[in-house]
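Order-wise, the sequence lines are chains G and U. Just so it is clear: in the first sequence, position 18 is 18 by full-length UniProt numbering, and no numbers are missing. Just so it is clear: in the second sequence, position 209 is 209 by full-length UniProt numbering, and no numbers are missing. We put the CB at the ideal spot given by N, CA and C, even for glycine. What follows is one structure encoded as structure tokens, with my remarks underneath.
Protein chains: 2
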Amino acid sequence: MLELFELRGADPEILFSPYCWRVRLALAHKGLPFTGSPLRFTDKEPLACSGQNLVPVIRDGETVVNDSVAIFEYLDATYPQQPLLGDSLAANRARLLEKLTFTALRMPLLKLLVPRVYAAIDDADKDYFRTSREKALGMTLEAFADRQLGLDSFVLAVGPLEAWLKTQPYLDGEQPAGTDYLVAGLFFWAWCLGEQPWPAESAVDAWFQRILKRYEAEFGVVKRAA
Amino acid sequence: MLELFELRGADPEILFSPYCWRVRLALAHKGLPFTGSPLRFTDKEPLACSGQNLVPVIRDGETVVNDSVAIFEYLDATYPQQPLLGDSLAANRARLLEKLTFTALRMPLLKLLVPRVYAAIDDADKDYFRTSREKALGMTLEAFADRQLGLDSFVLAVGPLEAWLKTQPYLDGEQPAGTDYLVAGLFFWAWCLGEQPWPAESAVDAWFQRILKRYEAEFGVVKRAA
Chain G
1 MLELFELRGA
11 DPEILFSPYC
21 WRVRLALAHK
31 GLPFTGSPLR
41 FTDKEPLACS
51 GQNLVPVIRD
61 GETVVNDSVA
71 IFEYLDATYP
81 QQPLLGDSLA
91 ANRARLLEKL
101 TFTALRMPLL
111 KLLVPRVYAA
121 IDDADKDYFR
131 TSREKALGMT
141 LEAFADRQLG
151 LDSFVLAVGP
161 LEAWLKTQPY
171 LDGEQPAGTD
181 YLVAGLFFWA
191 WCLGEQPWPA
201 ESAVDAWFQR
211 ILKRYEAEFG
221 VVKRAA
Chain U
1 MLELFELRGA
11 DPEILFSPYC
21 WRVRLALAHK
31 GLPFTGSPLR
41 FTDKEPLACS
51 GQNLVPVIRD
61 GETVVNDSVA
71 IFEYLDATYP
81 QQPLLGDSLA
91 ANRARLLEKL
101 TFTALRMPLL
111 KLLVPRVYAA
121 IDDADKDYFR
131 TSREKALGMT
141 LEAFADRQLG
151 LDSFVLAVGP
161 LEAWLKTQPY
171 LDGEQPAGTD
181 YLVAGLFFWA
191 WCLGEQPWPA
201 ESAVDAWFQR
211 ILKRYEAEFG
221 VVKRAA
């Protein structure tokens, strides 16, 4: 059976990595059974088989693949049912959509979620998380975090997706596909950390709820941080 | 032969509508011969056959199609060689990419280009342009225009495309397709009005020049406003 190495909080059932959620949703989309292996940030040893040290990693028999988009490509090549990325033109566009939406949404979410991540992770991870993120951000977590700015800028950034989702149920059309999961991973990040930075009465919320309900119908209720 | 109704300035060879450029580039991509019928903003009568009054409109025998994206769909359905949008998944993503890039790039360009458009159009169009745009913008053209803000915000907005085009020659991959032309139309808008708001030594510039050179190899040098 496929194995998914993913990120966990202090509570092993709190899964919050946006990249790992992409892969969970992709595996569910294709109906591929898998076992999750939740790891702390500092549990690097099980990832050695991938030749790098970041989740998500999947192991499928002899094959090990890391990076969420590369995993989508692998899954489409190996299990062609229910395409995620589609043919080369469609796949290229999904990758560009991933870049554009990630660029627009990640920073607002990070401003909002950094304190939530820090609270959710295991004590063993706190030094690692603080040190690595403060180096990347060039400031302390506390100086970077800004809940109101994060919320305000997220609502602005999600505007074009809100307009799009007023016209059709999924980013990829009448049915969800790769673009939906690449973007929804960011929404699950917030959701599992106990936040919902998009308006409750919005097309974006209806879209997220559709994806969540499909997932939960198979895997049970997604656990959220308090 | 296909006929393209498009927008002209006081000089009938100055074609600057971003939507009309999309269609020119798409027709060139498919190798479809066409005659251009350049119209002033206020030349509405020839568009009556389309049941609305905005360019671009194409007439192909008995068929009349308006709206640049609808024209791409029509061209792919009728002339399947060299697909612009591709299959339904790829086409849906191209339309979403159009929305995201248009939302990001249009307003910066408009801030920069409004005085250029006003200078380029025929005297007969100036009242129409001022009245319709000032109503849409909720302020005078002069109050809206802001060259430096337009330039600065354009460079910011184009950042994700710059990063993407550092990895491959076209937005759609190794060869240009629909997404390239949907976005490039906005660049031709600026270019034909005598502006180049992207940095000269950039991946975005190299991409634009590739598309421009392919077009000019067939149609001759694109005329620009002074």
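Y215 of chain G is positioned such that its CB atom lies no closer than 8 Å to that of R22 of chain G.
Neighbours of G51 of chain G across chain U, judged by C-beta separation under 9 Å, do not exist; the nearest C-beta is about 21 Å away. The Cβ atoms of P83 of chain U and A184 of chain U lie no closer than 8 Å to each other. Residue contact check for A136 of chain U against chain G: no CB pair falls below 8 Å. At a cut-off of 8 Å between C-beta atoms, R116 of chain U does not count as an interface residue with respect to chain G. In the structure shown, P197 of chain U falls within a coil segment according to DSSP collapsed to helix, strand and coil. Judged by their CB atoms, F154 of chain U and L112 of chain U are nearer to each other than the 8 Å cut-off. Per DSSP, reduced to three states, the secondary structure at T63 of chain U is strand. At a Cβ-Cβ threshold of 8 Å, F16 of chain G and L47 of chain G do not count as neighbours. Counting only the Cα atoms, D125 of chain G lies some 48 Å from R147 of chain U. In this structure, A145 of chain G and G194 of chain G do not form a Cβ contact; the two beta carbons are roughly 15 Å apart against a cut-off of 8 Å. No Cβ of chain G is located within less than 8 Å of the beta carbon of G185 of chain U. Assignment of alpha helix (DSSP H) within the segment 60–121 of chain G, counting only whole runs of 4 or more residues, yields 68–78, 88–120 in chain order. In this structure, T179 of chain U sits near R93 of chain G, with a CB-CB distance shorter than 8 Å. Taking V221 of chain U as reference, the option from U:E13, U:F72, U:D127 with the minimal CA-CA separation is U:E13. Burial state of P80 of chain U is exposed, judged by a 10 Å Cβ sphere holding fewer than 16 other Cβ atoms. For D172 of chain U, the neighbours in chain G by C-beta distance under 9 Å run, in chain order, L89, N92, R93, L96.
Not a single C-beta of chain U is nearer than 8 Å to the C-beta of L165 of chain G.
Ranked by Cα distance from P38 of chain G, the first of G:D172, G:A119, G:L54 is G:L54.
Taking the Cα positions, G173 of chain U is about 13 Å away from L161 of chain U. Judged by DSSP secondary structure, S37 of chain U falls within the beta strand (DSSP E) whose first and last residues are 34–39. Sorting G:L2, G:M1, G:A190, G:A200 by C-alpha distance to the C-alpha of L105 of chain G places G:A190 at the top.
Residue U:A91 holds the alpha-carbon nearest to the alpha-carbon of L171 of chain G among U:E134, U:C192, U:A91. Ranked by Cα distance from V64 of chain G, the options G:E3, G:A163, G:D205 are led by G:E3.
When Cβ-Cβ separations below 8 Å define contact, K99 of chain G makes contact with chain U. Per DSSP, the unbroken beta strand (DSSP E) holding F5 of chain G starts and ends at 2–7. Using a 10 angstroms sphere on the CB of L156 of chain G, the tally of other CB atoms stays under 16, which defines it as exposed.
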